[in-house]
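**Q**
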Amino acid sequence: MRKSDIEQEIEKLREEINYHNYRYYVLDSPVISDAEYDKLMRRLEGLEARHPELITPDSPTQRIGAKPLDTFGTITHTIPMLSLNNAFSIEEATEFDERIKRLLSTHPALSPEGRGGNVMIEYVAEPKIDGLAIELVYEDGRFTAGSTRGDGYTGEDVTQNLRTIKSIPMRLLKKQGLGTRDVGLVKNKPPAPSPQPLFSTPSRLEVRGEVFLPIKAFEKINKEREKAAEPLFANPRNAAAGSLRQLDPRITASRPLDIFCYGVGVVEGIKFKSHWETLEALKGFGLKTNPLIMKCSGIKEVLAYHQDMEGKRDNLPYEVDGIVIKVNDIGLQERLGVLTRSPRWALAYKFKPREETTKIHKIEIGVGRTGALTPVAVMEPVEVGGVTIERATLHNQDEIDRKDVRVGDTVVVQRAGDVIPEVVMVIKEKRSGREKPFKIPEKCPLCNSKVERIGAIHFCTGGLSCPAQVKETIKHFVSKRAMDIDGLGDKHIEQFFDDGLIKDVADLYYLKKDDILTLERWAEKSAENLMDAIEKSKHPTLPRLIYALGIRQVGEHIAHVLAEEFGTLEATMKADKERLLSVRDIGPETAESIYDFFQEPHNIKVIEKLNKAGVVFPQIKKAAGKLAGKTFLFTGALESFSRDEAKELVEKQGGKTGAAASKNVDYVVAGAEPGSKYERARKMGLHVITEEEFKRLLGL
Ligand code: IVH
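So, in structure tokens, the structure goes:
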């Protein structure tokens, strides 16, 4: 090949790879397979290896591989990177809007009348990403430099680390006819439509955005660090900052950092009229912007956006700590101007914090169903994310030691979604010297039995002589997926146990309405309902019964496996360790735990007591039952039963249930609004039946 041909091919490959990067990392909508992509990369790598003189820094092969630095250089931002004023309440956000209207009240663009009155400002509302601010510089469409915000005026030169972030384009997309669209894409596939750049490539474009680490990646990194006994990152923001500020870009490259771009610095050759237009332009250049950004007319819509986002926050794959409100019209932005640190035209309206600081008064020990001891910090109550908390888990002794948590410490507590609040870290600067280190006691604080340590966890050896373990066992026994005794909450179980009405799970079936009525907060009707619910629970399926017993290591799945294998509780109880080990999915630890459970005289006594009380121990007749050998698949909502109930009915009659359409499925039961499973099943020609037909098969 002639040199100019090679140069041309290299260039074409780069354009093509850049385009597929963009499809994959920015649009999340690839148009070629990973294998096809790899092939292009390998071809380019091969050509560049033979012609190293043709390698350019913006080649897709150059994202990783730069040498570690001794220290970061500095980059001065042409326009300072400001920060934002914060608001924490509707009042403060409304006040921001009013101040703007006041400041602009003489501006003709505000209202046809020119001043005052009931004008509405157009805003752009954006998620406030909790990462770190950076600036990217593109010269003639090529990425040439990138820096952290630093003090707002000068930041660190992290160019080679930013290159490793795949959603940062090394070249901006060009206007039609200048590249992107007419690159020779994969054969037989029409080029996918790509958003058109609105503007020709500016000679200089400074882009601002937030680099962040997705929550899943943060959790994975921390797990790996834990295994390697390295200090953990406190949150995704610290992890992102730690990853970007690595002197060795190979470490940065190993962390899946991502970016959302939200603004510009110097732009040569283009004047944007609005912030919205700026964002559209960035998108058109192939830069990643947040899809949840919205244009809002007036502050009311912004407030609604804030509320909506706060609700969505737990379901987003990245951390968002509020919204940013920006006046859309750039003319108005200029009129409003900036204060020393922050612009008057923008505001960060924060969500309720999920992290707070508070003080630990004492550390208590919680004892779980399996006897595991969990240290719990009892703290000065604080509001975290809108909920007052005063207890937070410390997990185990290793965690206490690692974080060096002491009684009396000032700590950061965190609550994420439905997760139990936890102590994140100690603020050691606040120590007075009077704080007391904590060790999990050698005796169970509830029953005084010996405590033994297995792995990271301490266990009370008291078994069912430990009141805490008994209470938790009873709570598990009555729970929805076990015996499902409706209307018997944790508080009631505590009450029944503390008043001596029940000492084990079997005692529930000996409860009398009159006994319950002697207790506080129980009335005729509620007691009657409870008696009915208890009565109804006397006919469990075998897997539920086994699961309800609360054998260590036996969750719902293993309970099913045992039921299927042994057919009765009696046969399960008789199995020795070797027999148990021969069963699918049962490993040595589980086999041991099951065996030990049924060796324990107390457990046998309780099981006998249950049987005497009228709890029916069902029998699974193998290969018997009307539906023996048949597999059912459910899709869509059923009218007469929940999905779980339907599955149970099938299993009771010897049938099986599947999770996906496959040749092994005999019946596909289609309820209302069946989903993709239904489509697939039909395409495969599987036997689809209605709920009515299903009921008939069951004999209902
Ligand atoms: S605009 C003058 N938009 O919040 C405007 N900032 O406290 C400056 N941030 O340093 C920033 N998401 O790190 C803007 N959509 C967004 C943002 C955002 C996160 C961060 C950014 C900035 C800090 C300001």
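Numbering (this note's numbering), first residue to last: 3 to 702. Glycine included, every Cβ here is placed at the ideal spot set by N, Cα and C. All values reported here derive from a predicted model rather than from experimental measurement.
Look up N240 in the DSSP assignment and say whether it is helix, strand or coil.
**A** N240 falls in the helix class under three-state DSSP.
**Q** If you measure from each CB to the nearest heavy atom of the ligand IVH and keep those under 6 Å, what residues do you get, in chain order?
**A** This selection yields L84, S85, L86, E128, K130, I131, A135, R151, E212, Y264, G265, V326, P345, A348, A350.
**Q** With distance defined between alpha-carbon atoms, name the residue in D486, K679, F235 nearest to I223.
**A** Closest by alpha carbon: F235.
**Q** From R183 to E13, what does the alpha carbon distance come to, in whole angstroms?
**A** With a pLDDT of 39 at R183, under the threshold of 50, the modelled position of that residue is not reliable, and the figure given next carries that caveat. Taking the straight line from one Cα to the other gives about 14 Å.
**Q** Can you give the beta carbon distance from I442 to L375, rounded, assuming they're within the 8 Å contact cut?
**A** That pair is a contact at about 6 Å.
**Q** Let me know the secondary structure DSSP gives Y140 once reduced to three states.
**A** Strand, per DSSP.
**Q** With distances taken between CB atoms, is the gap from K297 to I332 smaller than 8 Å?
**A** For K297 and I332, no; Cβs fall outside 8 Å.
**Q** Who are the Cβ neighbours of I422 in its own chain at under 6 Å, not counting the five residues just before and after it?
**A** For I422, where only same-chain residues beyond five positions count, the Cβ hits under 6 Å are T395.
**Q** Quick check: what's the CA-CA separation for E641 versus P129?
**A** Cα-Cα distance, rounded: 40 Å.
**Q** Using a Cβ-based criterion (distance less than 7 Å to any ligand heavy atom), does L700 qualify as near the ligand GDP?
**A** Summarising the ligand content, the structure contains the ligand IVH and does not contain the ligand GDP.
**Q** Applying the criterion that 16 or more other CB atoms from any shown protein chain within 10 Å of the CB defines a buried residue, is S35 buried or exposed?
**A** Label assigned to S35: exposed.
**Q** Cα separation between N87 and F634?
**A** Whole-angstrom Cα-Cα distance: 58 Å.
**Q** What number of angstroms, rounded off, separates the C-alpha of E530 from the C-alpha of P469?
**A** So the alpha carbons of these two residues sit roughly 27 Å apart.
**Q** Note the first and the last residue of the continuous beta strand (DSSP E) segment covering I77.
**A** Where I77 is concerned, the enclosing beta strand (DSSP E) stretches over 76-78.
**Q** For the candidate residues G339, K576, H689, whose alpha-carbon lies nearest to that of L105?
**A** Of the candidates G339, K576, H689, the one whose C-alpha sits nearest the C-alpha of L105 is G339.
**Q** Give the DSSP bridge partners of C462, in chain order.
**A** Answer is V453.
**Q** Just to check my reading of the structure: G373 and F461 have Cβ atoms closer than 8 Å, yes? What is that Cβ distance to the nearest angstrom?
**A** The Cβ separation is near 4 Å, so the contact holds.
**Q** If you pair each beta-carbon of the region 163-178 with each one of the region 16-33, do three or more pairs fall below 8 Å?
**A** They touch, by the three-pair rule.
**Q** On the DSSP bridge assignment, give the partners of N531 in chain order.
**A** Per DSSP, none; premise fails for N531.
**Q** Taking Cβ positions, are V126 and K328 nearer each other than 8 Å?
**A** Cβ distance < 8 Å, so V126 and K328 count as in contact.
**Q** Would you mind listing the beta strand (DSSP E) stretches within the region 248-304 that are 3+ residues and don't spill past its ends, in chain order?
**A** Qualifying beta strand (DSSP E) stretches, in chain order: 260-269, 296-299.
**Q** Let's test the definition: count the other Cβ atoms within 10 Å of the Cβ of H363 and tell me whether it reaches 16, buried, or not, exposed.
**A** H363 comes out exposed.
**Q** For L284, which residues in the same chain have their Cβ closer than 8 Å to its Cβ, ignoring the five residues on either side in sequence?
**A** For L284, where only same-chain residues beyond five positions count, the Cβ hits under 8 Å are V209, C263, V266, T291.
**Q** Please report the straight-line C-alpha distance between I253 and R165, rounded to a whole angstrom.
**A** Rounded to the nearest angstrom, the two C-alpha atoms are 12 Å apart.
**Q** Output the distance between the C-alpha atoms of D506 and L466, rounded to the nearest integer angstrom.
**A** Approximately 8 Å between the Cα atoms of the pair.
**Q** Run through DSSP, which three-state label would I123 get?
**A** It is coil, neither helix nor strand.
**Q** Using the Cα positions of L688 and P377, report the straight-line distance between them to the nearest angstrom.
**A** Each residue's alpha carbon lies about 53 Å from the other.
**Q** Helix, strand or coil: which one does DSSP assign to A374?
**A** Here A374 sits in strand by DSSP.
**Q** Less than 8 Å between CB atoms is the rule here; does Y307 satisfy it with respect to chain D?
**A** The structure shown has no chain D; it contains just one protein chain.
**Q** Rounding to the nearest angstrom, what Cα-Cα distance links H401 and R227 in this structure?
**A** Note on identity: in this sequence residue 401 is Glu, with His being the wrong assignment. Taking the straight line joining both Cα atoms gives about 14 Å.
**Q** Identify which residue in L612, K654, F498 has its Cα closest to the Cα of K477.
**A** The option with the nearest alpha carbon to K477 is F498.
**Q** Starting from R151, trace the beta strand (DSSP E) in both directions and tell me its first and last residue.
**A** Where R151 is concerned, there is no enclosing beta strand (DSSP E), given that its DSSP letter is neither H nor E.
**Q** What is the rounded straight-line gap between the Cα of L259 and the Cα of P319?
**A** Taking the straight line from one Cα to the other gives about 12 Å.
**Q** Using alpha carbons as the reference points, say which of M381, G627, A306 lies closest to T96.
**A** Looking at the Cα atoms, A306 is the closest of the given residues.
**Q** Apply the 10 Å Cβ neighbour rule to M686 and answer buried if 16 or more other Cβ atoms are within range, or exposed otherwise.
**A** Per the 10 Å Cβ criterion, exposed.
**Q** Under the assumption that F145 contacts L138 (Cβ atoms under 8 Å), give the Cβ distance between them as a whole number of angstroms.
**A** With 8 Å as the limit, F145 and L138 qualify as a contact, their Cβ atoms being about 6 Å apart.
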